[in-house]
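Protein chains in written order, with our numbering: chain A, 1 to 664; chain B, 665 to 1050.
Here a beta-carbon is modelled for each residue, glycine too, at the ideal position from N, C-alpha and C.
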């Protein structure tokens, strides 16, 4: 130490503290050694694996959606394309003082005409991309854009981008077929994992937009970015160009589609002026709240038109459905506009099903089409315990198959059903279930495979169905009773009632199969994928054909078909025919058809009509279904007539007027 | 015995010429290694603060550097001023130092102090500067306890031990009330080190250390406090990001590891430049250094710290009087614990606590206090012969 010490005791103390100081020095050295060792381990021992962790930390992949393909009709008319829109964006990563931030939000909210709170909510949208400015207003008016540009200094972090949004030149035309775009949800993200979707993206929902999502969407731009902890982009590491989506050419004819939608709307409106007599004998007006028109090309299954009412406006979905609109769409009083009734509506087909009963009866040998039958207006079944009547208890007198179809004699087909039940009862299921089997052959009881989302199967009842249906019944006695296939079940099925449910597209497919001589075509909506931008104003450049899908041949024989066809022609042309009034003035023999008036308790009767045209070489099948509109001849028939007029070349036929009928 | 220079006669030599001579003589023995290492570490700190904050204020990339430079200038000015005054004068004002510490800690808890990030720990000064009295308290407590220990020449009987602990407990308790558990722990360990050298019995020290640890553990872990109080207490751990503890250390270790031997290069550390590590210009400044300058840079810093601590230890050994020894031991304990806790936390071997890295972390009060401590040690060291 080189210095003297104080008192002896002081010297002792200082000597004592020297020892303690030495101990402290050792402790300090140990601590520093520990630090050095850890440093060595972290930076030299472990360094490579940690460097990789650092890399994954700051490299992010951003996918910018490509220009979406267009949707064209069969003649190249543009049903959906893209148009540029101004999008006001806000850069969340711009460094602003809290005061600046509030000021900018206040000013911007004022310009956009929304509250600051709403704007903040849009800026904080958790579904927006983390690495790009957040869109806060889509489709801003040019005035706002000009103002924002002129006052750029007052709006830091605010920018205006031009983006492509979906455009519908024909408005709501074919809305159900086209579908719409909406923000991707969690389920969709999961379902499309690995396909480059990110939260906040638009995805096709429903209709063609959904079915052809992968085609329309193309390939997004792939951007590999180096970002900092705040998400700001430091460097672009990789940039792969976007590939625009292909156009989709539909089999829909925009002109026919328009007429179909108009006619359906006119028919529904005019049906609401018709009076219905309730079971209690009271009068009320028909509600006619919904319906559909389906036009199928009988030769290949192409859908020429598919209308469903009430309809929706795809434009409202573009930037998320506003809450009140969503509420309206799901309110029962709005009659479920989101449903495409052509593929998702299930109805008892009523007399339109007699086509199947006729073919089943002939082919199984249960029915002799030429044998005269005396229609007394009623038929007793189940050993006389039940009596079934014609509509209006009308007796049609002596009929054969074709005239029974023309006048729509229920009793004639009750008889067929009753006879079939007797075969069922004897254990001859080939004859006993002839209708069910025939219905399945013609496409009922399962989705047609048109590809539209949410298509339903309908229902073909038999004993197995009944026992399945009643399985949950806890009381064994009634369960056994209700599981029996009874005479009344066969009789009801024969006239398209009972537990039978079908979709309009199934009816159309079955009649198309009948009309073309027995070939089942899967209905199709699109005929080709075209290179982007071709097909409307440039010659179509087909990327891929989507040929018609031919299914099985049925056992339909030409003479059988002719006999039934003559009955259907009579229904339109014959003075006694059910649709004679609706088609008055039409050239005889150009249209065949069948009315249907289906009981659908507790609802009012469903009005159906199926038209086939032309008769000698059928091209089109038109199926019109109007809910709660009464007789098929009163509403669905005139709707179909107007659509057929359009198919025959009249672009603007006279408006539909529903007429109260004389009979079904 | 006679060679010892008692303070009283020294003070009586009132001649300015004599004092100037004395000072010049003492200045010849000033520890240039200690001061040089401090300057170098401070400059490295300034560089790393710039690297970590140059994107923080877009209008002024030097914003934090400028403010830290003010603190450094002030601190080195204080070093110069402290060298000019004989440290033994401070010995007599130790009561004053203690009073000032307690008063300022009381004042900061009053409405005079301001509350940031859940701790009532700052005085707001003009020019958006802040004063953190708990940092200055480190200096004050060292001087006060060294003064008390000197008076009793290290005869630490149980009574004096109790008095010392009571004296220390008041400011430490006030710091805990802010709450700033990190600083309180630094102060506590510093007191234990001082007591150790002052002559407290090892048995007492062990008991004291255990008591202190149990106390901290009880406060934080056992249900003695309501949840929000625990959160506030543990909130000091990483200011403003209580729940991000693991995030911080993970990011910090990732950054250090990715530095490797030579580092990512100054201004090229992705984690630092991307600001992935919160508080990387204050408590996690070591992370920036480790990532951008690698093992070479980190080890160099460790060596420089080692130099500072070694020279402080040496000054304690060579001190002319017991007060000087005690002052140096206090500074030694302060620096060692802060360095070990801070770097250890960045490397994941110590829990996260809001303790600054001496001369490196951005922060005026801490920087000034640490430089004042260096001044004190240099003062003791250069007057070892006089």
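Contact annotation: the stretch 152-161 of chain A does not touch the stretch 324-334 of chain A, with fewer than three C-beta pairs closer than 8 Å. Taken atom to atom, the span from the alpha-carbon of residue 575 of chain A to that of residue 355 of chain A is near 21 Å. Taking the beta carbon of residue 32 of chain A as reference, the chain B residues within 7 Å of it are 966, 970, listed in sequence order. Considering only beta carbons, the part of the stretch 846-866 of chain B lying closer than 7 Å to chain A consists of 857, 860, 861, 863, in chain order. Neighbourhood of residue 96 of chain A in chain B, by CB distance below 7 Å: empty, with the nearest CB roughly 10 Å away. Residue 729 of chain B sits away from residue 708 of chain B, with the two beta carbons spaced by 9 Å or more.
As a beta-bridge residue in DSSP terms, residue 526 of chain A pairs with A/250. Looking at the DSSP output, residue 383 of chain A sits in no beta bridge, so it has no partner there. Using a C-beta cut-off of 8 Å, the stretch 950-959 of chain B makes no contact with the stretch 818-829 of chain B, since fewer than three inter-stretch Cβ pairs fall below that distance. Residue 247 of chain A and residue 503 of chain A do not touch by the CB rule: their CB atoms are close to 29 Å apart, not below 8 Å. Residues of the stretch 1000-1021 of chain B that bring their beta carbon within less than 7 Å of a beta carbon in chain A comprise 1000, 1004, 1007, 1008, 1011, 1013, in sequence order.
Chain order gives the chain B residues near residue 43 of chain A as 920, 921, 923, 924, 925, 954, 958, 959, 962, where near means a beta carbon separation below 8 Å.
Contact annotation: residue 517 of chain A and residue 561 of chain A have beta-carbon atoms nearer than 9 Å. Residues of chain A with a Cβ closer than 8 Å to the Cβ of residue 973 of chain B are, in chain order, 28, 32. Taking each of A/647, A/22, A/514, A/644 in turn and checking the Cα distance to residue 981 of chain B, the smallest one comes out for A/22. Listed along the chain, the chain A residues whose CB falls inside 7 Å of the CB of residue 989 of chain B are 17.
The beta carbon of residue 934 of chain B falls within 9 Å of a beta carbon belonging to chain A, placing the residue at that interface. Rounded to whole angstroms, the separation of the alpha carbons of residue 605 of chain A and residue 467 of chain A is 27 Å. Residue pairing for residue 544 of chain A: DSSP places it in a beta bridge opposite A/529. Listed by position along chain B, the residues whose Cβ is nearer than 9 Å to that of residue 24 of chain A are 857, 860, 861, 977, 980, 993, 996, 997, 1000.
For residue 788 of chain B, the closest Cβ of chain A is not nearer than 9 Å.
If you check the CB distance, residue 334 of chain A and residue 293 of chain A do not come in under 9 Å. In summary, residue 236 of chain A is exposed, with fewer than 16 beta-carbon neighbours lying within 10 Å of its beta-carbon over all protein chains present. Residue 573 of chain A is not bridged by DSSP to any residue.
Inclusion of residue 595 of chain A and residue 408 of chain A in the CB contact set at 9 Å is warranted, their separation being smaller than that value.
Two segments are said to touch when three or more pairs of C-beta atoms, one from each, lie closer than 8 Å; by this definition the stretch 192-199 of chain A does not touch the stretch 107-119 of chain A. A Cβ-Cβ separation of about 7 Å places residue 952 of chain B in contact with residue 933 of chain B under the 8 Å criterion.
Within the same chain, 935 come within 7 Å of residue 918 of chain B by CB-CB distance, once the 5 residues on both sides are set aside. The residue among B/945, B/916, B/772, B/773 with its C-alpha nearest the C-alpha of residue 719 of chain B is B/945. Excluding its 5 nearest sequence neighbours in each direction, residue 308 of chain A has C-beta neighbours in its own chain below 6 Å: 176, 292, 340, 341, 342, listed in chain order.
Residue-level contact check: residue 986 of chain B touches chain A, since one or more beta carbons of chain A fall below 9 Å from its beta carbon. Residue 216 of chain A carries a helical assignment under DSSP once its states are collapsed to helix, strand and coil.
Note: residue 745 of chain B is not bridge-paired with any residue in the DSSP secondary-structure output. Close to residue 20 of chain A, with beta-carbon spacing below 7 Å, are these residues of chain B in chain order: 860, 861. Setting aside the 5 residues that flank it on each side, residue 550 of chain A is surrounded in the same chain by 519, 521, each with a C-beta closer than 7 Å to its C-beta; the list follows chain order. When only Cα atoms are considered, residue 725 of chain B and residue 948 of chain B end up about 19 Å apart.
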